[in-house]
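Each step along the sequence shown adds one to the number in the numbering used here, with nothing skipped, and position 33 is 34.
The beta carbon of each residue, even a glycine, is placed where N, CA and C say it ideally should be.
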Amino acid sequence: MYDVAIVGTGPAGLSAALTLKLHNKDIIWFGSAELSDKVGKSEKIANYPGVPMVSGADLNEAFRKQAEEMGLEMTDKRVTSIADMGDRKMLLADNEMFEAKTVLLSTGVAAAKGMENEDRLLGRGVSYCATCDGFLYKGKTVAVYCTDERMAHDIKYLEEICGKVYVYTSFAYDLTSENSEKLAKPIKKLDGGLKCDTIELLDGTQISVDGVFILRPSIAPNSLFPGLELDGAHIKVDRNQETNYKGCFAAGDCTGRPYQITKAVGEGNIAAHAILERLSE
Ligand SMILES: Cc1cc2nc3c(=O)[nH]c(=O)nc-3n(C[C@H](O)[C@H](O)[C@H](O)COP(=O)(O)OP(=O)(O)OC[C@H]3O[C@@H](n4cnc5c(N)ncnc54)[C@H](O)[C@@H]3O)c2cc1C
């Protein structure tokens, strides 16, 4: 079992990982090889102390180098579900289970608002993970809504195993099966009683499906970790960055405004120290 599972490789996750590594903690760190998309996209950052007028790409590269030099290893697995088992937390990432004594959520802010009925039908025909749940829809009809180009291979996988795939992407994507069909509009609403059986597009078109895969870079915190207390769209934390689940902490944009690198770094550091204290109990 790991001491800490950190979900997110942005400035908040990195800041916490550095401190925890200095204290020799056993860490599993989930995120992406690019560390933070958001930092990478910033043209010029003028308010990060000690690094005047740095481009986001350069700051991200400095972050990456520092992580590498500290011997921090990151896995690009995407966490799709977390459960609290009291003194340990279970994390599901790309169909693999991980166990940790504590968790830090540093997932950034979920850019997209969820679809209507998404929460209610999650796990009932609605999935965030093609690798985990794709086989359940072998030969069946599914819809895929994808806003992260890095997950294009998941669409391809679904096209290989499903009977029919309706695809909506926010980026250019070439269908790989003649049984697939592009959706002209994004999905607005999911419908069904016990199970999702219909999608409704922004223009009102309704389509019958057996399942829906929603592939976004970030998942709403309470979908990721059911029962997590929120304050609006953000994760509610105390002064130690601890959530309503003992041993589960959150830092960075996911805890609220201002969305700033310095805040993310500061909260990551507070969380790391609070985690050290928890682990020593
Ligand atoms: C265009 C732009 C310009 C900006 N300019 C500035 C600026 O000048 N100054 C400033 O201070 N701030 C700026 N910001 C804001 C700044 O980038 C954010 O405040 C900062 O990146 C937040 O850090 P974070 O660690 O909380 O989250 P993020 O940097 O968003 O990182 C979140 C990480 O979590 C990962 N993740 C999410 N969900 C999962 C999951 N389920 N499993 C695994 N990994 C997951 C993501 O892949 C990502 O690596 C700018 C943002 C943008 C978009």
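Backbone secondary structure at Lys157 - three-state DSSP: helix
Between the CA atoms of Met75 and Ala151 - distance to the nearest angstrom: Looking at the sequence shown, residue 151 is not Ala but Arg. So the alpha carbons of these two residues sit roughly 16 Å apart.
Where Leu195 sits in the DSSP three-state scheme: coil
Whole-angstrom distance between Lys45 and Met116, CA atom to CA atom: 33 Å
DSSP three-state assignment for Val266, whether helix, strand or coil: helix
Candidates Cys249, Pro259, Val266, Gln261: closest to Ala101 by CA position: Cys249
Any non-hydrogen atom of ligand 1 within 7 Å of Leu36 CB: yes
Same chain, Cβ closer than 8 Å to Cys197, five either side skipped, listed in chain order: Asn118, Leu122, Arg125, Gly126, Val127, Leu191, Val210, Gly212, Val213
Contacts around Tyr138, its chain only, beta-carbon distance under 8 Å, and the 5 residues preceding and following it disregarded: Leu159, Ile162, Cys163, Asp211, Gly212
Contact test: Lys90 Cβ vs ligand 1 heavy atom, cutoff 7 Å: no
When Glu230, Gln242, Leu184, Trp30 are compared against Tyr146, the one with the closest alpha-carbon: Leu184
Span of the beta strand (DSSP E) around Glu100: 97-106
Every unbroken beta strand (DSSP E) within the stretch 10-43, with a cutoff of 3 residues, ordered by chain: 28-31
Proximal residues to Thr256 (C-beta, below 6 Å), its chain only, five neighbours per side dropped: His235, Ile236, Val238
Buried versus exposed call for Pro53 [16 or more other C-beta atoms within 10 Å across all chains shown]: exposed
First through last residue of the beta strand (DSSP E) which encompasses Lys85: This sequence places Asp at residue 85; Lys is not what is there. 80-85 is the span of the beta strand (DSSP E), which, as asked, contains Asp85.
Helix, strand or coil at Ile236 according to DSSP, with G and I counted as helix: strand
Proximity test, Tyr49 beta-carbon vs ligand 1 heavy atom, cut-off 7 Å: yes
Own chain partners of Thr148 with C-beta closer than 6 Å, once the 5 adjacent residues on each side are dropped: Ser171, Arg217
Residues bridged to Phe250 (per DSSP): Leu105, Glu243
Option in Ile200, Ile271, Lys247 with minimal Cα separation from Gly1: Missing from the structure shown is residue 1; the chain here goes from 2 to 282 and no further.
Where Phe214 falls: helix, strand or coil (DSSP): strand
Alpha-carbon to alpha-carbon, Gly269 and Ala252: 5 Å
Rounded C-alpha distance that separates Leu283 from Asp232: Any question about residue 283 goes unanswered here, given that the chain covers just 2 to 282.
Own chain residues within Cβ distance below 6 Å of Leu362, not counting five before or after: The requested residue 362 is not part of the displayed model; the chain covers only 2 to 282.
Endpoints, beta strand (DSSP E) assigned at Ser181: 181-183
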